Structure formats: C-alpha cells, structure tokens
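**Q** Heads up, the sequence shown is in this note's numbering, so the first residue is 677 and it goes up one at a time. Here's a structure for you.
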Amino acid sequence: TIQGSMKDALSKMLSDRPSIKAMLMGTRQGDPGSKGQTHFSPTDGNWPKVMRVNPILHWEYAQVWTFLRGLTLPYPIYYDQGYTSLGGINNTSPNPNLARDDKSGIKFKPAYELEDGSLERAGRGKKAS
677 TIQGSMKDAL SKMLSDRPSI KAMLMGTRQG DPGSKGQTHF SPTDGNWPKV MRVNPILHWE
737 YAQVWTFLRG LTLPYPIYYD QGYTSLGGIN NTSPNPNLAR DDKSGIKFKP AYELEDGSLE
797 RAGRGKKAS
C-alpha cells in the first residue's frame, strides 16, 4: 500500500521499482477515462509513463462478476453491501436498484445480483443521506 493520490502513488512505485514497464488495469469501456483506450495504451498527459494493459476492456458487468466469483477472488466488502461502483466517500452510495425491504428496514442485495449492468453506476453521484 502506498499512501497518497493515485498519480503520486504510481510515481513512487515506479521510482522504487523502475523495472516495471506495464500494469494490468480493470478498465472497461464506458468507465471514466476509458475513451480511446485499447488493450495496450500508454499513460497520457502528465501521468507517470507506463503501459496500461486492459485485458477486460470489452467485458460486460456480469462477466466481471462471473470471473471474480468463479475463481473465488477477493474483492472489497462494499460490493456485498449493495455498492456496484466505488468512487469517493462523498459520491458513492449503495445502488438503489439493489434495495429490498427487510423487516428491519432497507437492505441491499450484493452487487453481483444486479441484473441490468447498464445500471452499475446508479449509486454514484450525490451521496445518499
């Protein structure tokens, strides 16, 4: 773990490990910053120079969950609490499309139960109060 912004942390990591020339990314088409990216895309702008490798660029939402759950790979617990897209603490809420009434109030189904992948970012924007 490297503290700081993503750009600063990437700079530090590449400075500490200059042999790193490429990084695997989880970017998919439609993600912020994905426009113009291909399976192999160098960083742009004033980002530290490294090749971004985007193996799941053309995957759908459900394919990501099939892969993660099929291999029992770890993922942040927030996805089990109804979050389907993680951003900043002030702009991320559980996805309202996963809400269900429970005897004790509103609960959220896990992210992998979202049936319409086009609604993945429905919990992003203004933080729910």
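Ideal Cβ placement from N, Cα and C applies to all residues, glycine included. Quick caveat: nothing in here was measured; it's all calculated off a predicted structure.
Is the beta carbon of A798 less than 9 angstroms from the beta carbon of N767?
**A** No, they are not a contact pair.
**Q** Would you grab the beta carbon distance between S717 and R728 for me? Rounded to a whole angstrom, and I think it's under 8 angstroms.
**A** About 5 angstroms; that satisfies the 8 angstroms criterion.
**Q** In the DSSP assignment, the beta strand (DSSP E) including M727 goes from what residue to what residue?
**A** Following the DSSP letters along the chain, one finds M727 inside the beta strand (DSSP E) bounded by residues M727 to V729.
**Q** Taking the DSSP output, what are the residues bridged to M699?
**A** Answer by DSSP bridge pairing, in chain order: R728.
**Q** How would you label S695, buried or exposed, when you count the other beta carbons within 10 angstroms and need 16 or more for buried?
**A** exposed
**Q** Between which two residues does the beta strand (DSSP E) containing D778 stretch?
**A** A775 to D778
**Q** Per DSSP, what kind of secondary structure is T742 in: helix, strand or coil?
**A** helix
**Q** Taking 9 angstroms as the threshold (C-beta atoms), are T760 and A787 in contact?
**A** yes
**Q** Quickly, what does DSSP pair S717 with across the bridge? List them, please.
**A** Beta-bridge pairing links S717 to R728.
**Q** Between the Cα of G801 and those of S681, S769 and A775, spot the shortest distance and give me the residue it belongs to.
**A** S769
**Q** Can you tell me whether R800 is helix, strand or coil according to DSSP?
**A** strand
**Q** To the nearest angstrom, how far is it from the Cα of N773 to the Cα of D756?
**A** 14 angstroms
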